[in-house]
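K.L.:
First, the structure itself, so that you have it in front of you.
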Amino acid sequence: MQYNSQDRTFDTKPTLTDTQVLEFCKQGYIILDGVVPKEINEKVCKYLAGKVSPNPSNIPSHLTLEMLKSTLDSNSPEPNIILLEDWFINEVLLNSDLAGILRSLLGKNVGLPVLVSNHTAECPGPAQSWHHDADSLFGPEVNYLETFYYPQDTPIEMGPTDVVPGSHIGLNKFHHQADELSTATVASAGSFVLHSQSIYHRRGRATGTGTRNMLKFNYWRTTSPTRDWIKQPEFDFETAEYGGHFAARYYAHMFYWLCGKEKDFKLIGGQGWPWNKPNQIAPSYGYNAEDGYKPDWSRVHEGCPCGSHSVNSGYTKC
Ligand SMILES: [Fe+2]
Numbered sequence: 398m399q400y401n402s403q404d405r406t407f408d409t410k411p412t413l414t415d416t417q418v419l420e421f422c423k424q425g426y427i428i429l430d431g432v433v434p435k436e437i438n439e440k441v442c443k444y445l446a447g448k449v450s451p452n453p454s455n456i457p458s459h460l461t462l463e464m465l466k467s468t469l470d471s472n473s474p475e476p477n478i479i480l481l482e483d484w485f486i487n488e489v490l491l492n493s494d495l496a497g498i499l500r501s502l503l504g505k506n507v508g509l510p511v512l513v514s515n516h517t518a519e520c521p522g523p524a525q526s527w528h529h530d531a532d533s534l535f536g537p538e539v540n541y542l543e544t545f546y547y548p549q550d551t552p553i554e555m556g557p558t559d560v561v562p563g564s565h566i567g568l569n570k571f572h573h574q575a576d577e578l579s580t581a582t583v584a585s586a587g588s589f590v591l592h593s594q595s596i597y598h599r600r601g602r603a604t605g606t607g608t609r610n611m612l613k614f615n616y617w618r619t620t621s622p623t624r625d626w627i628k629q630p631e632f633d634f635e636t637a638e639y640g641g642h643f644a645a646r647y648y649a650h651m652f653y654w655l656c657g658k659e660k661d662f663k664l665i666g667g668q669g670w671p672w673n674k675p676n677q678i679a680p681s682y683g684y685n686a687e688d689g690y691k692p693d694w695s696r697v698h699e700g701c702p703c704g705s706h707s708v709n710s711g712y713t714k715c
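Each residue of the sequence shown is one higher than the one before, counting from 398 in my numbering.
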């Protein structure tokens, strides 16, 4: 692990294989259960409760120590001072299990978070409405990844975040069947839920009692995408399983973008590649087509029932 404290980036060995990177493209999230040590999880909870003296490793020139300390006030949703604590950087932000995955999906010199949100919830409580977060963008790019960090055991009673696997592409079928398709990110203390910021989600219903802490922060890409994770010699782009009707083209597009092969991604439609069935008698037509189409990522999100924002309409692809 190399950490550059000047530009706040790190580099390490990627740990995901081709199959696992494609699986992330299809699911939109990865759970790392219980990878942060118990004493650090407890320190985080005490720190957020104001029971540990803040000692930031530096004070950014546009801020003061008092301004940073005020981010721990009970009415502050963003306790950003914790991002400047050496122990938090080393034991949480640079956790080796998490770092290997981030390096696989975001390339060399991953940028550390500049903002952290504390999603504290008092339990019991009802479920939130299903939604895509504000400012979600739907496209093949993986320029940043959002991470939930649970410093406490978060069983189903404490309302862990519910996610709809695969819904980060914004396809309407995930919106209409969210209750049926969703899964709760139940996790033990010291877990990370790494995910596409665009995934359809909600805070789950909590029937337990007490305070649930959850920190949310983003890691950032600083280099162009390329296939520099663990290559599997047997991995075959032509016959890989990219997903089902309508969705496969989006997951495949994302995988090609991550490989640095986006310009080679062309669709001929129908039962052509990337669609394939294990029992078909020969590979799908259309693989490596010279002419074809790109998926329309803005169209896929039309009619989303979350209603809180318009997605992609505020963006024009350059
Ligand atoms: Fe949300």
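Every residue, glycine too, gets a C-beta built ideally from N, C-alpha and C. Small disclaimer: the values here were computed from a predicted structure and weren't measured.
1) Straight-line CA distance for E463 to S501?
2) With a CB to CB cut of under 6 angstroms and the five nearest residues on each side skipped, what residues in its chain are close to M651?
3) Residues with a Cβ closer than 6 angstroms to any heavy atom of ligand 1, in chain order?
4) Apply the 10 Å Cβ neighbour rule to G641 and answer buried if 16 or more other Cβ atoms are within range, or exposed otherwise.
5) Suppose you measure from the CA of K505 to the CA of I627; what does that come to, to the nearest Å?
6) I think V561 touches L578, with their Cβ atoms under 8 angstroms apart; what is that distance to the nearest whole Å?
7) Report the three-state DSSP secondary structure of E436 (helix, strand or coil).
8) Should the region 428 to 438 be called in touch with the region 587 to 599, which here means at least 3 C-beta pairs below 8 angstroms?
9) Who are D559's beta bridge partners in DSSP?
10) Which residue or residues does DSSP assign as beta-bridge partners of H717?
11) Exposed or buried, V513, counting other C-beta atoms within 10 Å across all chains shown (16 or more means buried)?
12) Could you tell me which of G605, D550, D633, E543 sits nearest to S593, measuring between CA atoms?
13) Assign N477 to buried or exposed, taking buried as 16 or more other Cβ atoms, counted over all protein chains shown, within 10 Å of its Cβ.
14) With distances taken Cα to Cα, identify the nearest neighbour of A518 among P675, M611, E638, E635.
15) Who are V507's beta bridge partners in DSSP?
16) Using a threshold of 9 angstroms, state whether the C-beta atoms of L591 and L499 are closer than that.
17) Exposed or buried, Y682, counting other C-beta atoms within 10 Å across all chains shown (16 or more means buried)?
18) Is Y597 near S564, with beta carbons less than 9 angstroms apart?
19) In the DSSP output, what is V590 paired with across the bridge?
20) How about T636 and N676: do their beta carbons lie closer than 9 angstroms?
21) Quick one: give me the first and last residue of the alpha helix (DSSP H) that F652 is part of.
P.N.:
On the basis of the coordinates in this document:
1) 37 angstroms
2) Around M651: C422, P537.
3) H528, D530, H598
4) Flag for G641 reads exposed.
5) 14 angstroms
6) 5 angstroms
7) helix
8) Under the 8 angstroms Cβ criterion, the region 428 to 438 counts as touching the region 587 to 599, having at least three qualifying pairs.
9) A581, R599
10) As displayed, the chain neither begins before 398 nor continues past 715, which places residue 717 out of reach and without an answer.
11) buried
12) E543
13) buried
14) Ranking the options by Cα distance to A518, first place goes to M611.
15) F407, per the DSSP bridge assignment.
16) yes
17) By the neighbour-count rule (16 or more Cβ atoms within 10 Å), Y682 is not buried but exposed.
18) Result yes, Cβ atoms of Y597 and S564 sit closer than 9 angstroms.
19) I428, F545
20) no
21) 645 to 655
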